[in-house]
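Asker: Residues 1 to 331 in our numbering are what the sequence shown lists, from first letter to last.
One structure, pasted below without further comment.
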Amino acid sequence: MDRIAVIGAGSWGTTVAALAASSVETRLWARRAELADAINTTGINHDYIPDLEIPQRLEATSDLSYAIDGADTVIMAVPSHGFRQVFDEIAPGVGDQLPVISLTKGIEVDSLSRMTQVISDVAPGHDGDVIGVLTGPNLASEIASGQPTASVIGLKDPDVAVNLQQILISPTFRVYTNDDVIGCELGGALKNVMAIASGISDGLGFGDNTRATLLTRALAELTRLGVALGGQPETFAGLAGMGDLIATCSSNKSRNYRVGHGLAQGATLEEIISDMKMVAEGVKTTKSVVALARQSNVEMPIAEHVQLVLDDQMGPREAMLALMTRQAKAE
1 MDRIAVIGAG SWGTTVAALA ASSVETRLWA RRAELADAIN TTGINHDYIP DLEIPQRLEA
61 TSDLSYAIDG ADTVIMAVPS HGFRQVFDEI APGVGDQLPV ISLTKGIEVD SLSRMTQVIS
121 DVAPGHDGDV IGVLTGPNLA SEIASGQPTA SVIGLKDPDV AVNLQQILIS PTFRVYTNDD
181 VIGCELGGAL KNVMAIASGI SDGLGFGDNT RATLLTRALA ELTRLGVALG GQPETFAGLA
241 GMGDLIATCS SNKSRNYRVG HGLAQGATLE EIISDMKMVA EGVKTTKSVV ALARQSNVEM
301 PIAEHVQLVL DDQMGPREAM LALMTRQAKA E
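So this is what it looks like as C-alpha cells:
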C-alpha cells in the first residue's frame, strides 16, 4: 500500500491518520476547510487532538474526491449518524476490491446496522472480505502522547489484514488481526452503552466493588448479544471486548463515561452534549442496542436501564437500585 485515505478528522481519525503516515502517504479529510488548512499550516489538529504532532506525510483536505484519489485503503472515521451519507458520496470512487476500514463504534439508529453493514448496503458489489474495523482500548489522547496500547483489525482477508497491521503498528501501538468482523465491531459499539452505566456508577459515588460488578455483568451482556448476532465468544474476551470495555468504563477521557458521570451529578443530557466537541456514540447507540436485544430475544438489563436514564424515564440512582433488586438467579 502506498497511500491511505482517512475520512474524518476527529481525535481518533487524526490519530490513526498520523499512525498510517509514519509508514505511507496519508490524506485526512476534514469536513471544514478551515480545519484542514490549520492542520496543514500548523501540523496540529488544535480542535480535537492538540497534543499530536502531525507527520509531514499527512496531508489534510476538505475535498472528498481528492482525499480518496489514488488511495489503496479507505479508513472511515465518521460518526455513525453521518456515516452513510459520507460513504455514499465517496462510494462511486471506491473500487470494489479496495479495503474499507471503519473506526466508528456505533450502530445506525434507523436500520440497526453496523458500519460495515452500512458500507455493504451503500456499495452492494463491494468485496465483503476487505470491509473491516479497527477497534480496541484506544483512547486517542493516550496514543497521541505515546503511551503503549494495542488494537485489533477485524477483517476476513488475511493478506490485507497483515498489510494494514504492518502499516499501523509501532513500538507503542501493537496491532493484532482477527477474522471475526462481527464480534470485533459489536464489541466496540456495545461497550459505549456500558461506559455510560459505569460513569453513572462512579458519578453516584460508588466504589471499586461496584465498578467491578458492573463491568463483569456488562461483559456478559455484550457477549450474549454479540454471539446472538454472529460474533465469536472468544472475541469478547479480547481487545475488542473486554479490553475496550475496561478502558472506556474506567476513564474520564471516555466521552460516554463522561455522559453517565454528568447525568449522575445532576446535569441534563443536553448540557453534557453541548459541552463536547465530539460525539458520544453511546447516547444514540443505546436505543439501537436495546432494539437489537429485543429482536434477538437477548436479556440486557444494564443497557435497558441506561436507555431509561437517557430518556429521562428513570433517575440514575433509581436505575442502579432497580438493577440491584432484580430477581436473584444463578450466574
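Think of the CB as a built atom: it goes at the ideal place given N, C-alpha and C, for glycine as much as any other residue.
With a Cβ-Cβ cutoff of 8 Å, do Val100 and Ile119 count as a contact?
Answerer: Against a cut-off of 8 Å, the Cβ pair of Ile119 and Val100 comes out as a contact.
Asker: Look at the alpha carbon of Thr177 and the alpha carbon of Gln295, and state the distance between them as a whole number of angstroms.
Answerer: Taking the straight line from one Cα to the other gives about 30 Å.
Asker: Can you look up Ser296 in the DSSP assignment and give me helix, strand or coil?
Answerer: coil
Asker: Report, in whole angstroms, the separation of the C-beta atoms of Gly183 and Ala240, which I expect to be a contact under 8 Å.
Answerer: 7 Å
Asker: Quick check: the region 75-94 against the region 41-61, are at least 3 beta-carbon pairs closer than 8 Å?
Answerer: no
Asker: Since Pro148 and Thr172 should fall inside the 8 Å C-beta cutoff, what is the C-beta to C-beta distance between them, to a whole number of angstroms?
Answerer: 5 Å
Asker: Please say whether Met314 and Leu308 have beta carbons closer to each other than 8 Å?
Answerer: yes
Asker: Three or more C-beta pairs under 8 Å: does that hold for the region 101-118 against the region 30-48?
Answerer: no
Asker: Check whether the region 212-224 touches the region 159-166, taking contact to mean three or more Cβ pairs, one atom from each stretch, closer than 8 Å.
Answerer: no
Asker: Which same chain residues end up closer than 6 Å to Ile107 when comparing Cβ atoms and leaving out the 5 residues on each side of it in sequence?
Answerer: Cβ-Cβ distances below 6 Å link Ile107 to Ala189, Thr285, Ser288 in the same chain, with the five nearest sequence neighbours on each side left out; the list follows chain order.
Asker: Any chance you could list the alpha helix (DSSP H) runs of at least 4 consecutive residues sitting entirely within the region 91-163, in chain order?
Answerer: 115-122, 140-144
Asker: Using only CA atoms, which one of Ser201, Ile75, Asp2, Ile7 lies nearest to His261?
Answerer: Ser201
Asker: Any heavy atom of the ligand ADP closer than 7 Å to the beta-carbon of Gln56?
Answerer: With respect to the ligand ADP, the structure shown offers nothing to examine, as it has no ligands at all.
Asker: Below 7 Å CB to CB, which residues in the same chain sit around Asp129 once its five sequence neighbours on both sides are set aside?
Answerer: Counting only Cβ-Cβ distances below 7 Å, and skipping sequence neighbours, we find Lys156, Asp157.
Asker: Looking at the secondary structure, which residues open and close the beta strand (DSSP E) in which Arg258 lies?
Answerer: Run containing Arg258: none in the beta strand (DSSP E); it sits in the alpha helix (DSSP H), 255-264.
Asker: Can you tell me whether DSSP reads Asn209 as helix, strand or coil?
Answerer: helix
Asker: Under the three-state reduction of DSSP, which class applies to Asn40: helix, strand or coil?
Answerer: helix
Asker: Classify Asp45 as helix, strand or coil using the three-state DSSP reduction.
Answerer: Sequence check: residue 45 is Asn here, not Asp. In this structure, Asn45 counts as strand in the three-state DSSP scheme.
Asker: Since Ala5 and Arg27 are thought to touch, with beta carbons under 8 Å apart, how far apart are those beta carbons, to the nearest angstrom?
Answerer: 5 Å
Asker: Where Gly344 and Ala38 are concerned, what is the direct C-alpha to C-alpha distance, given to the nearest angstrom?
Answerer: Shown here, the chain extends from 1 to 331; a query on residue 344 therefore has no answer.
Asker: What is the rounded straight-line gap between the Cα of Thr14 and the Cα of Pro316?
Answerer: C-alpha of Thr14 to C-alpha of Pro316: approximately 34 Å in a straight line.
Asker: Relative to the C-alpha of Val347, which residue among Ser254, Pro233, Ile272, Ala228 is closest?
Answerer: As displayed, the chain neither begins before 1 nor continues past 331, which places residue 347 out of reach and without an answer.
Asker: So, does the region 78-89 touch the region 18-26, judging by three or more C-beta pairs under 8 Å?
Answerer: no
Asker: Can you give me the C-alpha to C-alpha distance between Ile153 and Gly199, rounded to a whole angstrom?
Answerer: 27 Å
Asker: Are the beta-carbon atoms belonging to Leu52 and Trp29 less than 8 Å from one another?
Answerer: no
Asker: Suppose you measure from the CA of Pro124 to the CA of Ser170; what does that come to, to the nearest Å?
Answerer: 34 Å
Asker: Using a Cβ-Cβ cutoff of less than 6 Å, which residues in the same chain neighbour Val122 once the five nearest sequence positions on both sides are dropped?
Answerer: Phe87, Asp88, Ala91
Asker: Measure the C-alpha to C-alpha separation of His81 and Val109 and round it to an integer number of angstroms.
Answerer: 8 Å
Asker: According to the Cβ coordinates, are Ser62 and Ala36 closer than 8 Å?
Answerer: yes
Asker: Alpha carbons only, please: which of Ala150, Lys105, Leu186 is nearest the one belonging to Leu292?
Answerer: Leu186
Asker: Can you tell me the Cα-Cα spacing of Ala212 and Gln97, whole angstroms?
Answerer: Roughly 43 Å separates the two Cα atoms.
Asker: Where do the N-terminal and C-terminal ends of the alpha helix (DSSP H) with Asn252 fall, by residue?
Answerer: Here Asn252 belongs to no alpha helix (DSSP H), and DSSP marks it neither H nor E.
Asker: Is Glu53 helix, strand or coil when you go by DSSP?
Answerer: coil
Asker: Would you call the CB atoms of Ala328 and His305 closer than 8 Å?
Answerer: No; because the gap between Cβ atoms is not below 8 Å, this pair is not in contact.
Asker: According to the neighbour-count rule (16 or more other Cβ atoms, all chains shown, within 10 Å of its Cβ), is Thr268 buried or exposed?
Answerer: exposed
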